[in-house]
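Student: So the number in this note's numbering is just where the residue sits in the sequence shown, counting from 1, plus 323. For each residue, glycine too, the CB sits at the ideal point set by N, CA and C.
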Amino acid sequence: MVLLMNTDRASGQPDHITTARTNIVAAFQSIQTAQRQGASNTDILPLINQLNLALQYEQNATMLEAQNRTAAADDNAIQSISLSNSVSLEAQRLGNEAQSSSIRRSILVYGLALLTAVFAAIAVIEAPTARSFLAKRRLRKAPIVFGEEKNAK
């Protein structure tokens, strides 16, 4: 049995191109997570453009490595790593902001619903008291006629 493998880079650490690929996938997943958490497409679009640029750097690095131009390949891979890392961090920030905004909105809506329910309950419970108060008030404002003066005409 013959095992064929590339021995150009046989170190214990992954090369820059492999790291760039891994980081691009992680950045893509971070963008998807941010979308699920409610980040707007307007906020995410610049991140997608940066991630596409990171992908171009990674593809250039792969092409340069195939031409044995390792220094230029490493430079492109490092650019890709840097961009994809910043995209991941920004996507996580956007996702967290969107999620906390959603939580604040939910708390506000539940609070308003509770307040409305309390006022509705008070209105139902106090309705008879309010009716009797208004009836007494009408009686107080009504003119009082003494004797038979009204019927005398």
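By how many angstroms is the C-alpha of residue 338 removed from the C-alpha of residue 385?
Tutor: Cα to Cα, the separation comes out at about 11 Å.
Student: Just to confirm before moving on: does the CB-CB distance between residue 411 and residue 349 stay below 8 Å?
Tutor: A contact, by the Cβ cut-off of 8 Å.
Student: When you compare only the Cα positions, how much space is there between residue 371 and residue 341?
Tutor: Rounded to whole angstroms, residue 371 to residue 341 spans 20 Å at the Cα level.
Student: Specify the secondary structure class of residue 467 as computed by DSSP and reduced to three states.
Tutor: It is coil, neither helix nor strand.
Student: In angstroms with no decimal places, state the Cα-to-Cα distance between residue 451 and residue 442.
Tutor: Roughly 15 Å separates the two Cα atoms.
Student: Under 8 Å by Cβ, that's how I've got residue 406 and residue 380 pegged, so tell me the actual separation to the nearest angstrom.
Tutor: Sure, about 7 Å apart at Cβ, within 8 Å.
Student: Given 8 Å as the limit, is there contact between the stretch 353-365 and the stretch 414-430, that is, 3 or more CB pairs closer than that?
Tutor: Output reads yes: the stretch 414-430 touches the stretch 353-365.
Student: Spatial neighbours of residue 366 within its chain, please: CB distance less than 7 Å, with the 5 preceding and 5 following residues excluded, ordered by chain position.
Tutor: Excluding sequence neighbours, residue 366 sits near 417.
Student: Does the distance from the C-beta atom of residue 388 to that of residue 396 stay below 8 Å?
Tutor: Result yes, Cβ atoms of residue 388 and residue 396 sit closer than 8 Å.
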